[in-house]
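In the working numbering, the protein residues as written are 49 to 240.
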């Protein structure tokens, strides 16, 4: 009797073991990175940066809201508060996708050969290695944008913030290259 019970149990357990191995390896692959903070959440207040620091793009605050340090390098989130019209030069990211969400204001995005006007509530995806730029069309505006993976964008904005004197074209190109980007042309013209 015990032998029959053992054989029946073994036969029933075999399929379970066969399905369990891939699930266990999947669970191990999705375990949190041990370099992530132990805290399960944090809050970054309105108008503040993740580490209490302020980064600027020209006169425009560009706060780090979620750092690559928080996500094991998987994601970085920024809040751009546009207080002046304009935008970045035409460029591309070698290894990062970007997602922009318009909170306030109107923006013109150029992505490859496409031009898109966005307003509050609109979202646009910018794939890596595709030339792009944007310009703020209204006097004020606000964007939330996400970089995946985080890359070196936080350091890029820190370097730009601390730079009071204009960069030479060679210095600008080197700064972009050091942070995983390539400059391709000037910013879009500012419309009155």
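Think of the CB as a built atom: it goes at the ideal place given N, C-alpha and C, for glycine as much as any other residue.
Since this is a predicted model, take the numbers as computed values, not measurements.
In the three-state DSSP reduction, residue 137 falls in the strand class (E or B). Look at the beta carbons and you see the segment 198 to 212 not touching the segment 169 to 178: under three pairs across the two are nearer than 8 Å. Sorting 150, 145, 120, 138 by C-alpha distance to the C-alpha of residue 130 places 150 at the top. In the displayed model, residue 226 falls within a helix according to three-state DSSP.
With fewer than three CB-CB distances shorter than 8 Å, the segment 137 to 151 does not count as touching the segment 104 to 114. Just so you know, the alpha carbons of residue 88 and residue 123 end up roughly 16 Å apart.
Distance from the Cα of residue 95 is smallest, within the candidate group 146, 192, 185, for 192.
By the Cβ criterion, the segment 217 to 224 is not in contact with the segment 153 to 163, since fewer than three pairs of Cβ atoms, one from each stretch, lie closer than 8 Å.
For the pair residue 196 and residue 118, the CB atoms are not nearer than the 7 Å cut-off.
Out of 91, 205, 233, the CA that lies nearest to the CA of residue 227 is found in 205. Annotated three-state conformation of residue 152 is strand, per DSSP. Bounds of the alpha helix (DSSP H) holding residue 202 are 201 to 209. Counting the other CB atoms within 10 Å of its CB gives residue 163 a total below 16, which places it among the exposed residues.
Between residue 103 and residue 161, the alpha-carbon positions lie close to 31 Å from each other.
Around the C-beta of residue 100, fewer than 16 other C-beta atoms lie within 10 Å, and the residue is accordingly described as exposed.
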